[in-house]
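**Q** The numbers in this note's numbering rise by one with no breaks, and the one at position 101 of the sequence shown is 1393.
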Amino acid sequence: FFANGTSGTQVQQGQIVYEQNNSTMLLKTANVTAMSIDGTGAVTKPLQPSFNVNSATMNNLAINTTHTVQFNSERFDTNADFNTGTYQFTAPVTGKYQLQFQINIEGMDQDTSYYRFKLLTSNEDYNTTLVDPDLYDQDGTYHLVTYCILADMDANDTSSVAITVTNDGAAQADVSNRSVFSGFLAC
């Protein structure tokens, strides 16, 4: 084990442990397993920041408005870095984060100029996708928009997803509760 302190007052700060009965190597910090390597060589990091959240249904998106997608239901959230009240992920440490979303939008009005889908971070807004409903000969029943990016984020930077509905047309598009936002610290 690794210790901190002077002779006689040492406090255990970390360990490298080999569990012979299951052929597993553990790297521990403050008695918490930070990394595990099993007998096959598979590496898991149970404290690695990651999240996967689903949105609430958002009905009749107003035109000429940018809407933050209301991701309020967690499937998982390692380290509690996603806030379901603000719909934002907060990076706990500086690094490169793989972020992705899948938005299911229903009832797009073909008379609306366009719908803009954005992945927002404190460092940059990624104007991801423009959907022009004029391409269709009628209002769209279902439309799926997906996007992913490897984003540079500093500790305490935030990330969220937004949709802008432009003028012309009716406030009739809905965000389905099958929409997903997820991410993890890649490096």
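We put the CB at the ideal spot given by N, CA and C, even for glycine.
Flag this pair as yes or no: are the beta carbons of L1442 and A1383 separated by less than 8 Å?
**A** Contact flag unset, no.
**Q** With a cut-off of 8 Å, do at least 3 Cβ pairs link the segment 1325–1339 to the segment 1355–1368?
**A** With a cut-off of 8 Å, the segment 1355–1368 and the segment 1325–1339 do not count as touching, because too few Cβ pairs lie within range.
**Q** When we look at the beta-carbon of A1322 and count the other beta-carbons within 10 Å, is it buried (16 or more) or exposed?
**A** It is exposed - the Cβ of A1322 has fewer than 16 other Cβ atoms within 10 Å.
**Q** Compare the beta carbon distance of E1398 and S1471 with 8 Å and say whether it is the shorter of the two.
**A** Result no, Cβ atoms of E1398 and S1471 do not sit closer than 8 Å.
**Q** Which residue from D1446, N1346, V1437 puts its Cα closest to that of N1396?
**A** Of the listed residues, the one whose Cα sits closest to N1396 is V1437.
**Q** Where do the ends of the beta strand (DSSP E) carrying R1470 lie?
**A** No beta strand (DSSP E) contains R1470, which DSSP labels as neither H nor E.
**Q** Give a yes or no on contact between the segment 1443–1463 and the segment 1374–1381, applying the rule of three or more CB pairs nearer than 8 Å.
**A** Touching, per the Cβ criterion.
**Q** With DSSP as the reference, please indicate the residues paired to C1479 in a beta bridge.
**A** C1479 pairs with nothing; no bridge assigned.
**Q** Between which two residues does the beta strand (DSSP E) carrying G1377 extend?
**A** G1377 -> no beta strand (DSSP E), and no H or E assigned at all.
**Q** Let me check one thing: in DSSP terms, what residues is I1482 bridge-paired to?
**A** Outside the shown range of the chain, which is 1293 to 1479, sits residue 1482, and nothing can be said about it.
**Q** What are the uninterrupted segments assigned as beta strand (DSSP E) that are 3 or more residues long and contained completely in the segment 1315–1357, given in chain order?
**A** Within the segment 1315–1357, the complete beta strand (DSSP E) runs of at least 3 residues are 1316–1321, 1324–1329, 1342–1347.
**Q** Answer with buried or exposed for Y1310, where buried requires no fewer than 16 other C-beta atoms within 10 angstroms of its C-beta.
**A** When all chains shown are included, Y1310 counts as exposed.
**Q** Which residues in the same chain have their Cβ closer than 6 Å to the Cβ of N1344, if we skip the five residues on either side of it in sequence?
**A** Only R1367, F1368, S1474 meet the Cβ criterion.
**Q** Would Y1389 and M1445 qualify as a contact pair, given that the criterion is a beta-carbon distance under 8 Å?
**A** Contact: yes.
**Q** Using three-state DSSP, classify Q1390 as helix, strand or coil.
**A** Looking at Q1390 - three-state DSSP - the assignment turns out to be strand.
**Q** I need the DSSP call for S1405, collapsed to helix, strand or coil.
**A** S1405 falls in the coil class under three-state DSSP.
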